[in-house]
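Residue numbers (UniProt numbering): 1 to 146.
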């Protein structure tokens with residue numbers, strides 16, 4: 001647990017130093033970014049820049065797809081939150097396996113940790129507006145199962 005918190009602190013310190021060195025986003029990355037949480041809007045911008053800085057562009061696109069699949073898994077509620085997080089981390093491991101150490105270990109592992117640590121609220125609260133944004137549609141009245 002302490003090691004994972006250290007990773008998060010390390011990422012935050014990297015962010016401060018790298019903010020001025022951010023690369024120009026490749027065209028495909030201009031689409032909607034799905035990593036991060038709506039509860040803390042800055043998390044999306046931070047994750048996008050960290051992945052763009054630390055991973056190759058084709059990996060960043062695949063990472064974004066993993067995040068979208070994770071969002072959809074949370075909102076569909078066909079799997080438990082733990083299973084959604086497991087699938088998410090497996091997806092990230094698969095797409096970053098050829099990446100550099102920073103992408104493959106630091107970013108991927110901290111992203112998995114953050115999803116597992118703070119995913120309860122997003123899993124419980126999937127609004128109709130969010131469903132539309134991730135390409136799902138609420139059918140009839142949108143009522144969350146408790």
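Where is the CB? At the ideal position from N, CA and C, for every residue including glycine. Because the structure is a prediction, the values reported are computed rather than measured.
Can you tell which of the options has the C-alpha that lies nearest to the C-alpha of residue i?
{"i": "residue 69", "options": "109, 42, 96 and 35", "result": "35"}
{"i": "residue 116", "options": "54, 59, 99 and 81", "result": "81"}
{"i": "residue 47", "options": "77, 99, 103 and 85", "result": "103"}
{"i": "residue 32", "options": "51, 64, 124 and 98", "result": "64"}
{"i": "residue 106", "options": "45, 62, 53 and 41", "result": "53"}
{"i": "residue 114", "options": "62, 79 and 85", "result": "85"}
Sorted by chain position, which residues of the same chain lie with C-beta nearer than 7 angstroms to residue i's C-beta, five sequence neighbours on each side aside?
{"i": "residue 66", "result": "88, 91, 92 and 95"}
From what residue to what residue does the alpha helix (DSSP H) around residue i run?
{"i": "residue 79", "result": "First-last for residue 79: undefined, no H or E at that position."}
{"i": "residue 109", "result": "108–118"}
{"i": "residue 47", "result": "42–54"}
Identify, in the order they occur along the chain, each residue of the same chain with its Cβ nearer than 6 angstroms to the Cβ of residue i, setting aside the five sequence neighbours on each side.
{"i": "residue 55", "result": "99 and 103"}
{"i": "residue 43", "result": "36 and 37"}
{"i": "residue 112", "result": "89"}
{"i": "residue 108", "result": "92 and 96"}
{"i": "residue 24", "result": "Any reading at residue 24 must be qualified, since the residue scores a pLDDT of 37, below 50, and its modelled position is unreliable; the value itself is stated next. Taken in chain order, the list of residues that qualify is empty."}
In chain order, what residues of the same chain lie with their CB nearer than 8 angstroms to the CB of residue i, ignoring the 5 residues before and after it?
{"i": "residue 74", "result": "81, 84, 119, 122, 123 and 126"}
{"i": "residue 79", "result": "73 and 87"}
{"i": "residue 97", "result": "104"}
{"i": "residue 101", "result": "none"}
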